[in-house]
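> Counting along the sequence shown from 1, when you hit position 200 you're at 200 in UniProt numbering, and nothing is skipped either side. No residue lacks a Cβ here, since even glycine has one placed at the ideal position from N, Cα and C.
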Amino acid sequence: MWTGAACGKSNSDGTSGAAQPPKESAAGVSDSIKADSLRVARFPADSLPTSDSKSRYSELTDEDFRIIADELGVEVAAIKAVVLIEAGKNMKGFFAPGVPVINFDRSMYNAHASKAKNRAGVKGEKVPAGLTGYGLKEWTQLINARKSNGEGAYMGTFWGMFQIGGFNYKLCGCSSVNEFVKLMSESEFSQLELFAKFITNTGMLQDLKNKNWAAFARKYNGASYARRGYHTRMAAAYKKFKAQGK
């Protein structure tokens, strides 16, 4: 059972090219989902760029989407619909190489900071160079929060092109929130793999297979999904990508 959104409020209405701050906080995932019962999906990583690859942070290709879609048994257009609504029309997972798109949520930080395995502060970190606007604002908030509680700040942040909350790291098959952030920072393909594991472990995969956008959006975006039109926007995005043969 879910008590709210698994992920952050989407950064876009599907028309804006830049990520925008959310208008309200997302709720957490129910503790009734036990970590030891999770199915940690295994996905092929043959197309995951190496650490020194120039294409490491390049946008996902149709083949990348196809690899994961085939493993999940869903349509590529369905996955792309989620990306469009969560990440905006540019469908990017990074502000800059190695600097994933994030949304630091103060309410999520307050809710999950005490649950961090290691609540020690992290000193000496700097905001990634070259950021401006929304990216600079969000990363500044994250780095400042990490001074008080490093892992808790990671847990209170939504990450990447799918805007998955750091507090969901176990549901993404990770042993720690630090591992989750490391993978989120590697590549868009890695972000796609984390999304695949996440929806597999939470039961949302079946909703995506069935294109049951209302059920999917309720779990992914929380109780306000209908008022915000997440389900109708995802449905429209799916139809667009389907018509394009993507």
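(1) Determine, using beta carbons only, whether Lys80 and Phe241 come nearer to each other than 8 angstroms.
(2) How about Phe162 and Leu60: do their beta carbons lie closer than 8 angstroms?
(3) Out of Ala69, Ala78, Glu125, Pro128, which has the shortest C-alpha to C-alpha gap to Ala243?
(4) My guess is that Ala96 and Pro128 are in contact by the Cβ rule of under 8 angstroms, so how many angstroms apart are they, rounded?
(5) Expressed to the nearest angstrom, what Euclidean distance is found between the alpha-carbon atoms of Met184 and Gly98?
(6) Rounded to whole angstroms, what is the Cα-Cα separation between Gly203 and Arg119?
(7) Which term fits Asp31, buried or exposed, when burial requires 16 or more other beta carbons within 10 angstroms of its beta carbon?
(8) Pick out whichever of Ile164, Phe94, Arg146, Lys147 has its Cα sitting closest to the Cα of Gly130.
(9) Count the other CB atoms, across all protein chains shown, that sit within 10 Å of the CB of Arg64; report buried if there are 16 or more and exposed otherwise.
(10) Can you tell me which of the three DSSP states Cys174 falls into?
(11) Going by CA-CA distance only, name the one from Lys170, Leu136, Trp159, Gly165 that's closest to Glu186.
(12) Does the count of Cβ pairs from the stretch 133 to 148 and the stretch 174 to 183 closer than 8 angstroms reach three?
(13) Look up Val122 in the DSSP assignment and say whether it is helix, strand or coil.
(14) For Ala217 and Lys211, I'd like the C-alpha separation in whole angstroms.
(15) What residue range is occupied by the uninterrupted alpha helix (DSSP H) comprising Ala69?
(16) To the nearest angstrom, how far is the alpha carbon of Leu72 from that of Ala87?
(17) Between Gly156, Tyr220, Glu125, which has its C-alpha nearest Ile143's C-alpha?
(18) Of all the options Glu151, Ala196, Phe167, which has the alpha carbon lying nearest to the alpha carbon of Asp70?
(19) Please state if the CB of Met155 and the CB of Gly173 are separated by a distance shorter than 8 angstroms.
(20) Compute the Euclidean distance between the alpha carbons of Asp105 and Asn221, then round it to the nearest angstrom.
(21) Comparing C-alpha positions only, which one of Val82, Ala113, Cys7 sits nearest to Leu208?
(22) Flag this pair as yes or no: are the beta carbons of Cys7 and Ile199 separated by less than 8 angstroms?
(23) What residue from Asn110, Lys239, Glu193, Ala215 has the CA that sits closest to His231's CA?
(24) Do you know offhand how far Ala223's Cα is from Gly245's?
In this structure, then:
(1) As a first step, residue 80 is located in the sequence shown; it is residue number 80 there, counting from the start. As a first step, residue 241 is located in the sequence shown; it is residue number 241 there, counting from the start. Yes, Cβ-Cβ distance for Lys80 and Phe241 is below 8 angstroms.
(2) Your numbering for residue 162 matches position 162 in the sequence shown. Your numbering for residue 60 matches position 60 in the sequence shown. Taking 8 angstroms as the Cβ cut-off, Phe162 and Leu60 do not qualify as a contacting pair.
(3) Position 243 of the sequence shown, counting from 1, holds the residue named residue 243. Closest by alpha carbon: Ala78.
(4) As a position in the sequence shown, residue 96 is number 96, starting the count at 1. As a position in the sequence shown, residue 128 is number 128, starting the count at 1. About 6 angstroms separates the two Cβ atoms, so the contact holds.
(5) In the sequence shown, the residue the question calls residue 184 occupies position 184. In the sequence shown, the residue the question calls residue 98 occupies position 98. Answer to the nearest angstrom: the Cα atoms are 9 angstroms apart.
(6) In the sequence shown, counting from the first residue as 1, residue 203 sits at position 203. In the sequence shown, counting from the first residue as 1, residue 119 sits at position 119. If you draw a straight line from the Cα of Gly203 to the Cα of Arg119, it is about 30 angstroms long.
(7) Your numbering for residue 31 matches position 31 in the sequence shown. The predicted position of Asp31 is uncertain, since its pLDDT is 35 and thus under 50; a value taken from the coordinates is nonetheless stated next. By the 10 Å Cβ count, Asp31 comes out exposed.
(8) Taking the first residue of the sequence shown as 1, we reach residue 130 at position 130. Comparing Cα-Cα distances from Gly130 to each of Ile164, Phe94, Arg146, Lys147, the minimum goes to Phe94.
(9) Position 64 of the sequence shown holds residue 64. First, the amino acid is wrong: residue 64 is Asp here, not Arg. Buried, by the Cβ-count rule.
(10) Stepping through the sequence shown from its first residue, residue 174 is reached at position 174. Of the three classes helix, strand and coil, the one that applies to Cys174 here is coil, per DSSP.
(11) Sequence index remark: in the sequence shown, residue 186 carries index 186 (1-based). The shortest Cα separation from Glu186 among Lys170, Leu136, Trp159, Gly165 belongs to Trp159.
(12) no
(13) Reading the sequence shown from its first residue, position 122 is the one you call residue 122. Coil at Val122, not helix or strand.
(14) Here residue 217 refers to the residue found at position 217 when the sequence shown is read from its first residue. Here residue 211 refers to the residue found at position 211 when the sequence shown is read from its first residue. Rounded to whole angstroms, Ala217 to Lys211 spans 11 angstroms at the Cα level.
(15) On the sequence shown, residue 69 is found 69 positions in, with the first residue counted as 1. Residues 62 to 72.
(16) Within the sequence shown, the letter at position 72 stands for residue 72. Within the sequence shown, the letter at position 87 stands for residue 87. Rounded to the nearest angstrom, the two C-alpha atoms are 21 angstroms apart.
(17) One-based indexing of the sequence shown puts residue 143 at position 143. Answer by Cα proximity: Glu125.
(18) Position 70 of the sequence shown, counted from the first residue, corresponds to residue 70. Per the C-alpha coordinates, the member of Glu151, Ala196, Phe167 positioned closest to Asp70 is Ala196.
(19) Within the sequence shown, residue 173 is the residue found at index 173, counting from 1. Within the sequence shown, residue 155 is the residue found at index 155, counting from 1. Result no, Cβ atoms of Gly173 and Met155 do not sit closer than 8 angstroms.
(20) For the purposes of this step, residue 105 is taken as the residue at position 105 of the sequence shown. For the purposes of this step, residue 221 is taken as the residue at position 221 of the sequence shown. Between Asp105 and Asn221, the C-alpha separation is close to 14 angstroms.
(21) Position 208 of the sequence shown, counted from the first residue, corresponds to residue 208. Taking only the C-alpha atoms, the option nearest Leu208 is Val82.
(22) For the purposes of this step, residue 7 is taken as residue 7 along the sequence shown, with counting starting at 1. For the purposes of this step, residue 199 is taken as residue 199 along the sequence shown, with counting starting at 1. The answer is no: Cβ separation not under 8 angstroms.
(23) Mapped onto the sequence shown, residue 231 falls at position 231. Comparing Cα positions, the closest option is Ala215.
(24) By 1-based counting over the sequence shown, the position of residue 223 is 223. By 1-based counting over the sequence shown, the position of residue 245 is 245. Between the alpha carbons of Ala223 and Gly245 lies a gap of roughly 32 angstroms.
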